[in-house]
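Visitor: Each number in our numbering comes from the position in the sequence shown (counting from 1) with 5 added on.
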Amino acid sequence: MPATAPDLIRAVIGFRQWRLHGEELWSLHADDRWGRGLQTARCLGEDAHDGAAPQNGCTCGFYAWYSPTPRTASLGTSELVGGAVALWGQVELHAHGVRAQHAMIVALALPFSWGAKRRRLVRVANALEVPTVPARKLNAAALEHGDVIPRSMRPPDTTPNKRAAPGPPDPARLYAVADGLRRR
Ligand SMILES: [Zn+2]
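1) Can you tell me which residues fall inside 7 Å of ligand 1, judged by beta-carbon distance to its nearest heavy atom, and keep chain order?
2) Return helix, strand or coil for residue 16, following the three-state DSSP convention.
3) From residue 99 to residue 24, what distance separates their C-alpha atoms?
4) Cutting at 6 Å between CB atoms, please list the residues of its own chain near residue 116, excluding the five before and the five after it.
5) Whose CA, out of 34, 49, 151, lies closest to the CA of residue 108?
6) Using the C-alpha atoms, what's the distance from residue 47 back to residue 162?
7) For residue 135, does the three-state DSSP call read helix, strand or coil?
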């Protein structure tokens, strides 16, 4: 980690989606079940390295976007749910989101519909001791637990094709260190 990494006093807020699997919450693209409280990232896979995750040049760490996913993104499936996380420790900054060392779910967004999915989500949230909020209140609920990364710290999106994988961000802005979750 470069010595110039900016030091953030509070946790960083990010937004993500999970997959409801039975009474459990799983990452969308990783074989990773989310539990109660603090989660610490590990590098997984065949070429997993020792030491903290995320590491530069690797894909490990907890992913989150800077902004909430569109409210409609979790509609129409019985599985997808959106929510907010507090992130801290080593945090790698990308154009649209971060990869972080430590994460904790701070709020889950309720689906619009009243039905099985909503009941299931509430049961999962209760088990994880995480509040559920209407999707329009997710941002406000998240901000009680930390700060969003200021735009000035985010590496610019230099990809002309937004759907392509992002290129390497400005190295000087690659890492930040967030000191942690404010005690409640
Ligand atoms: Zn890794």
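We treat Cβ as the ideally placed atom computed from N, Cα and C, and that holds for glycine.
Guide: Quick look at the numbers:
1) In chain order, the qualifying residues are 48, 53, 54, 58, 59, 60, 63, 64, 65.
2) Residue 16: coil per DSSP, three-state reduction.
3) Approximately 23 Å between the Cα atoms of the pair.
4) Cβ-Cβ distances below 6 Å link residue 116 to 122, 123 in the same chain, with the five nearest sequence neighbours on each side left out; the list follows chain order.
5) Distance from the Cα of residue 108 is smallest, within the candidate group 34, 49, 151, for 151.
6) Spanning the two alpha carbons is a distance of roughly 27 Å.
7) Coil.
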